[in-house]
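Protein chains in written order, with the numbering used here: chain A, 10 to 126; chain B, 586 to 731. Cβ coordinates follow ideal geometry from the N, Cα and C atoms, glycine included.
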């Protein structure tokens with residue numbers, strides 16, 4: 010009798026766009042409202058990326074569509090300062106993407122070492 | 586400049602504007618206030634990027650709205666199930682168009698013109714794919730909005 014081990018399901022997520030990745034990274038630490046996201050992403054990218062309002066809300070809309078983030082009302086804030094936070098699915102997707110980067114950089118460094126040897 | 590931004594927000598679908606418009610306006614005002622202090626050239630650059638971005642993303646939102654109506658509203662107000670009335674292939678094709686448009690804008694706004702050309706070609710391919718999917722499932726393309 011053959012025993013066939015169940016193979017783990019390997020996920021191959023599609024790469025995230027840079028704005029989406031940066032938004033997820035920013036929200037991983039704490040919930041933020043729109044302007045705080047722009048400022049944090051600027052700092053996170055060492056002033057390389059500054060999202061415009063259209064880009065930010067285009068990406069937020071997609072993330073809401075996907076259920077990776079959710080919108081909630083913070084106490085003592087007005088309607089124009091709704092905050093966003095990661096859902097568990099959003100956190101999972103961010104981890105998958107960061108794992109992908111880790112694998113990629115590991116492979117890249119291995120190739121570099123191979124070239125030096 | 587806030588008034589111009591407010592007018593440009595009318596390019597977005599009505600529901601998008603109702604749900605996110607006030608928030609977008611507030612974010613723009615905060616950014617404008619900050620960039621005004623950095624001098625006229627920085628302020629002008631900021632305004633041009635903001636206005637250009639707004640127009641392009643309004644176009645993307647109109648495409649998404651015409652094919653995915655009501656979904657955003659459900660998500661923002663707290664979670665109904667994803668729409669079941671479109672085949673997955675079509676939703677995937679729509680998302681691909683929006684994603685490439687978004688990448689195109691991002692590349693242009695960061696002066697990455699090689700990438701911009703790439704995403705422009707990808708967007709064209711994605712749009713053709715969407716058209717084929719719509720044809721396959723007998724779905725009409727984006728309809729004029731009320």
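One or two residues paired with residue 79 of chain A in a DSSP bridge: A/94, per the DSSP bridge assignment.
Mind listing which residues of the segment 599 to 630 of chain B have their C-beta closer than 8 Å to chain A's C-betas, in chain order? Within the segment 599 to 630 of chain B, 601, 605, 607, 608, 609, 610, 611, 612, 613, 615 and 616 place their CB atoms closer than 8 Å to a CB of chain A, listed in sequence order.
So, helix, strand or coil for residue 662 of chain B, using DSSP? The pLDDT assigned to residue 662 of chain B is 36, lower than 50, so where the model puts this residue is not dependable; a value taken from the coordinates is nonetheless given after this. Reduced to three states, the DSSP call for residue 662 of chain B is coil.
Of the residues A/56, A/61, A/103 and A/42, the one placed nearest residue 688 of chain B, counting alpha carbons only: Measuring from the Cα of residue 688 of chain B, the nearest candidate turns out to be A/61.
Please confirm whether residue 647 of chain B and residue 597 of chain B have their CB atoms less than 9 Å apart. Against a cut-off of 9 Å, the Cβ pair of residue 597 of chain B and residue 647 of chain B comes out as a contact.
Go ahead and pull the three-state DSSP assignment for residue 42 of chain A. DSSP, read as helix, strand or coil, puts residue 42 of chain A in strand.
Chain-ordered chain A contacts of residue 638 of chain B [CB-CB under 8 Å]: What residue 638 of chain B touches in chain A: 61, 62, 63 and 64.
Leaving out five residues before and five after residue 713 of chain B in sequence, what residues of the same chain have Cβ atoms less than 8 Å from its Cβ? Cβ contact annotation for residue 713 of chain B (same chain, cutoff 8 Å, sequence separation greater than five): none.
Which word fits residue 630 of chain B, buried or exposed, when buried means at least 16 other C-beta atoms lie within 10 angstroms of its C-beta? Burial call: exposed.
Whole-angstrom Cβ separation of residue 610 of chain B and residue 594 of chain B, contact assumed at under 8 Å? Residue 610 of chain B to residue 594 of chain B, Cβ: 7 Å. Contact.
Spell out a yes or no on whether the segment 29 to 40 of chain A and the segment 59 to 78 of chain A are touching, meaning 3 or more CB-CB pairs, one atom from each, closer than 8 Å. The segment 29 to 40 of chain A makes contact with the segment 59 to 78 of chain A; the number of CB pairs closer than 8 Å reaches 3 or more.
Can you confirm whether residue 47 of chain A, when its beta carbon is compared against all beta carbons of chain B, has any partner nearer than 9 Å? Contact of residue 47 of chain A with chain B is assigned, a C-beta pair being separated by under 9 Å.
Can you give me the C-alpha to C-alpha distance between residue 693 of chain B and residue 707 of chain B, rounded to a whole angstrom? So the two alpha carbons sit approximately 15 Å from each other.
What number of angstroms, rounded off, separates the C-alpha of residue 42 of chain A from the C-alpha of residue 67 of chain A? Cα-Cα distance, rounded: 15 Å.
Determine the direct distance from the alpha carbon of residue 643 of chain B to that of residue 95 of chain A, and round the result to whole angstroms. When the Cα atoms are used, residue 95 of chain A and residue 643 of chain B turn out to be separated by approximately 25 Å.
What is the DSSP secondary structure of residue 601 of chain B, reduced to helix, strand or coil? Helix.
Coil, strand or helix - residue 58 of chain A by DSSP: Three-state result, residue 58 of chain A: coil.
So, with DSSP's three-state summary, where would you put residue 625 of chain B? Three-state DSSP puts residue 625 of chain B in a helix.
Please say whether residue 99 of chain A and residue 125 of chain A have beta carbons closer to each other than 9 Å? At the C-beta level, residue 125 of chain A and residue 99 of chain A stay beyond 9 Å of one another.
Got a sec? Which residues, its chain only, sit under 7 Å from residue 685 of chain B by beta carbon, not counting five neighbours each side? Cβ contact annotation for residue 685 of chain B (same chain, cutoff 7 Å, sequence separation greater than five): 704, 707, 708 and 711, in chain order.
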